[in-house]
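Novice: To start, I am sharing the structure in question, which I have written as structure tokens.
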Amino acid sequence: MQNAFGEPQNILVLGGTSDIGVAIARRLMAPSTKTVTLACRRPETAGLAVASLTRPGVVAEAVEFEATDESNHVGFVRALVDRTGDLDVVILAFGQLGDQERLENDPASAADLVRVNFASAASIALAVAAQMRKQGHGRLVVLSSVAGERVRKANFVYGSTKAGLDGFAQGLGDSLEGTGAGVLIVRPGFVHSSMTAGLEAAPFATTPDVVADAVASGLRTGRRIVWAPGILRWIFMILRHVPAPLWRRLPLG
Amino acid sequence: MAPDYRRISLSGWGRTSPSVSLLAEVPVEGLAEHLKDSSDRGVVVRGLGRSYGDAAQNAGGRVLTIADRAAEAVIDDVRGTVTVGAGVSLDELMRLIVPRGYFVPVTPGTRYVTVGGAIASDIHGKNHHVEGSFGNHVERMAILTASGEVVEVSPREHPDLFWATIGGMGLTGVVLDATFRLLRVETSRCTVDTIRCRDLDELITEMSTGDENSRYSVSWVDLLATGRKFGRSVLWRGDHARRSDLDPKSASDPLQYAPRHLLTVPPVVPGPGLVNAATSRIFNELWFRKEPDRQTGQIKSIPAFFHPLDSVGAWNRLYGRSGFVQYQFVVPFGHEDVFRRIIERIVASRLASPLVVLKRFGASNEAPLSFPMPGWTLTVDMPAAAHEIAALSHSLDELVLSVGGRHYLAKDAHTSADVIRAGYPRLAEWRTTRDKWDPNGVFASDLARRLELVG
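Residue numbers (the working numbering), protein chains in the order written: chain A, 439 to 691; chain B, 2 to 456.
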């Protein structure tokens, strides 16, 4: 259960090696937290992340989770609930950025990326939502991106998956109204992380910890969407309406 | 059977951590069937929803309310006791008994609690320092246990279940009815003495030396005042008025009792609420100044003395959408320094609302999960959405535990299993009793899951 401050007993990060996902989990940990589970394809690579979440009285561990094995998603959720109890906060953080130029030249790899970022994410989100509906509480935090708010040419494969996931999460959140469960959509801008290492930062670049703060405050106050940094909400309110010829020329990284 | 359950979002009086349960109102006779019916997420009985946290909700499981009638209460004039259904509220009960010259043995700051809730929370009131908590006055109960069997309990019959149910937060069984001792009163008024204290030390000294001579004693502290005004407070002491205390007009109808509702807060309070440091400061200043320095023998009605907030309906809405937490703890006597440090931290946070109660507790009773212990208890409301509130609360928790204090389960919305385990050394004993009477975990609640009280 979450307490009055939104502090969870059990935290699950899907995409357990995601810098942002782990930062959110770390930020949400409280005296009442009992378990933090990092679900990732290769648990053996999550050692550092697990170490960063280890506290006295908290079971922090990495477990194997294959996002593209959708037929196993319901079973994965059930097994986890049997072991740790209710899903209080689940952070859906897996996803690939991809190299736009390479994706454009290799349509099959573009399809793979779309699959992971959107189809697999939708599948596990539904499995989590079904469990939360049954337990009558729980919050699913979905990592969207401003890249999906208005998709731009520089990363339109990635951006379109986030646009799709964002829309999916909005609809899922609405469908959960009245069930006690809810969805928090997070729209970060450019975040300095291992996923973006080596890329040129976009304006208003931020850090995983800033995203984590935004999520924590969004959960506490019952928000449906948070932006990180918050100013991007107002910037995209304008950018959304910029005429296409100008939009194409904007230096947005 | 196919009961008419509604899927509904429930929260406590603080309106924090809502969750969705299946809710049904059932007649007492149907209860056993409904217990059998409970899913793997269990069932809990809800009274009037006045506990502040998540005690009377059961996410994904079932919540039952019981239809009980006050008119069926049986008063034994020889022994001075009443036997009443657990779903009857203290409000309904008082309307019945006060005109007959009785008062409830213990009342909290609101009349809108049920007898079942009073037992499950082992509520306390302004008379704790001399008369103990509600459970001290209960003679017997009929409890519907998880197996569907009705068990008679008292301090002699199944004392383990009796004491585990007092303060047991509804997790040991359903209290069907209870018999408890009433207080005989000559009038429906109280005589009240008021003492204004300039600071915390003055208040502590005053309460430590003068409380024993009064049946009722409680104080209010301005938790926004700093510097020389730190801890400025108002102490009220009182007792039930005798007929001879009343003026001739009142004395002609000494037991007249008709509590009134003045207004109800509409459900449209703006998002952040109306309670903040600015409005609270103004309120505190006026509240402190309106009291005389020292006044004795003032006559007040029962609602004015015991339940001033009940005249405003749904006052919890004043805190806005995100709700509030009511932080209540007790620290044992001898640790006034830590008590003071806790109050200093609250004052420094500027998060306290005007609703503050400071009380000196007397002896504990035998119930393993009963909250009161000899010491100082402070109750303060704070907005749940405030950024610093989690850090503040957790730091206060540590101070409370460091001197052997604890938190009140009926108010709790934020602590953890570890904090409760440390504060209630007899939790394991309570659990043994609970597991004996409910081996399959039929009774469950969000509070029980959050604090790992069961399972």
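C-beta atoms are modelled at their ideal positions from N, C-alpha and C, and glycine is treated no differently.
These numbers come from a predicted model, not from an experiment.
Can you tell me which of the three DSSP states proline 494 of chain A falls into?
Specialist: coil
Novice: Can you confirm whether asparagine 317 of chain B, when its beta carbon is compared against all beta carbons of chain A, has any partner nearer than 9 Å?
Specialist: no
Novice: Do glycine 406 of chain B and glycine 376 of chain B come within 9 Å of each other at the CB atom, strictly closer than that value?
Specialist: yes
Novice: Do three or more CB pairs link the stretch 339 to 356 of chain B to the stretch 268 to 284 of chain B at distances below 8 Å?
Specialist: Cβ pair count under 8 Å is three or more, so yes.
Novice: How big is the Cα-Cα spacing for leucine 263 of chain B and asparagine 317 of chain B?
Specialist: 15 Å
Novice: Taking the DSSP output, what are the residues bridged to glycine 314 of chain B?
Specialist: B/Thr265
Novice: Compile a chain-ordered list of the residues in the stretch 631 to 663 of chain A whose CB is closer than 8 Å to at least one CB of chain B.
Specialist: Close to chain B, meaning a Cβ-Cβ distance shorter than 8 Å, are the following residues of the stretch 631 to 663 of chain A: Ser655, Arg658, Thr659 and Gly660.
Novice: Evaluate the contact criterion for the stretch 199 to 212 of chain B versus the stretch 109 to 126 of chain B: three or more CB pairs, one atom per stretch, below 8 Å.
Specialist: no
Novice: Can you name the start and end residues of the beta strand (DSSP E) that phenylalanine 231 of chain B belongs to?
Specialist: Run containing phenylalanine 231 of chain B: none; DSSP gives neither H nor E here.
Novice: Quick one: list the residues of chain A neighbouring arginine 63 of chain B, beta-carbon separation under 8 Å, in chain order.
Specialist: Result: empty, since nearest Cβ-Cβ is about 10 Å, beyond 8 Å.
Novice: So, are the CB atoms of glycine 618 of chain A and proline 19 of chain B less than 9 Å apart?
Specialist: yes
Novice: Smallest Cα separation from arginine 51 of chain B: which of B/Gly13, B/Asp78, B/Val44 and B/Ile76?
Specialist: B/Gly13
Novice: The beta strand (DSSP E) with valine 44 of chain B in it runs from where to where?
Specialist: 44 to 46
Novice: Distance, Cα to Cα, glutamate 453 of chain B vs threonine 471 of chain A?
Specialist: 12 Å
Novice: Does the distance from the CB of proline 457 of chain B to the CB of glycine 321 of chain B come in under 9 Å?
Specialist: Given that chain B is displayed from residue 2 to residue 456, the structure contains no residue 457 of chain B and the question cannot be resolved.
Novice: Which first and last residues belong to the alpha helix (DSSP H) in which phenylalanine 340 of chain B is found?
Specialist: From DSSP, the alpha helix (DSSP H) with phenylalanine 340 of chain B extends over 337 to 350.
Novice: Can you list the beta strand (DSSP E) stretches of 3 or more residues lying completely in the stretch 527 to 553 of chain A, in chain order?
Specialist: 527 to 530
Novice: Out of curiosity, what's the CA-to-CA distance linking aspartate 457 of chain A and arginine 658 of chain A?
Specialist: 22 Å
Novice: So, is the C-beta of aspartate 248 of chain B closer than 9 Å to a C-beta in chain A?
Specialist: no
Novice: Which parts of the stretch 70 to 95 of chain B are runs of the beta strand (DSSP E), unbroken and 3 residues or longer, counting only runs that do not cross its ends?
Specialist: 75 to 77 and 82 to 86
Novice: If you run the structure through DSSP and keep just helix, strand and coil, what is histidine 679 of chain A?
Specialist: Histidine 679 of chain A: coil per DSSP, three-state reduction.
Novice: Proline 28 of chain B by DSSP, collapsed to three states: which one?
Specialist: strand
Novice: Might you give, ordered along the chain, the residues of its own chain that have their beta carbon closer than 6 Å to the beta carbon of serine 711 of chain A, omitting 5 neighbours on each side?
Specialist: Any answer about residue 711 of chain A is impossible in this case: the structure gives chain A only from 439 up to 691.
Novice: By how many angstroms is the C-alpha of valine 105 of chain B removed from the C-alpha of arginine 361 of chain B?
Specialist: So the two alpha carbons sit approximately 20 Å from each other.
Novice: Taking the straight line between their C-alpha atoms, what separation do you get for glutamate 539 of chain A and asparagine 593 of chain A?
Specialist: 9 Å
Novice: Just how far apart, CA to CA, sit proline 355 of chain B and asparagine 285 of chain B?
Specialist: 6 Å
Novice: I need the DSSP call for arginine 238 of chain B, collapsed to helix, strand or coil.
Specialist: strand
Novice: State the beta-bridge partners of glutamate 360 of chain B as determined by DSSP.
Specialist: Going by the sequence as given, residue 360 of chain B is lysine instead of glutamate. Answer is B/Thr378, bridged to lysine 360 of chain B.
Novice: In its own chain, which residues sit with a C-beta less than 7 Å from the C-beta of leucine 677 of chain A, not counting the 5 before and 5 after it?
Specialist: Arg588
Novice: Listed in chain order, which residues of the stretch 273 to 287 of chain B have Cβ atoms closer than 8 Å to some Cβ of chain A?
Specialist: none
Novice: Between threonine 617 of chain A and chain B, is the shortest Cβ-Cβ distance under 9 Å, so that the two count as touching?
Specialist: yes
Novice: Which of the three DSSP states, helix, strand or coil, is assigned to asparagine 285 of chain B?
Specialist: helix
Novice: Can you confirm whether asparagine 128 of chain B, when its beta carbon is compared against all beta carbons of chain A, has any partner nearer than 9 Å?
Specialist: no
Novice: How big is the Cα-Cα spacing for glycine 174 of chain B and aspartate 77 of chain B?
Specialist: 26 Å
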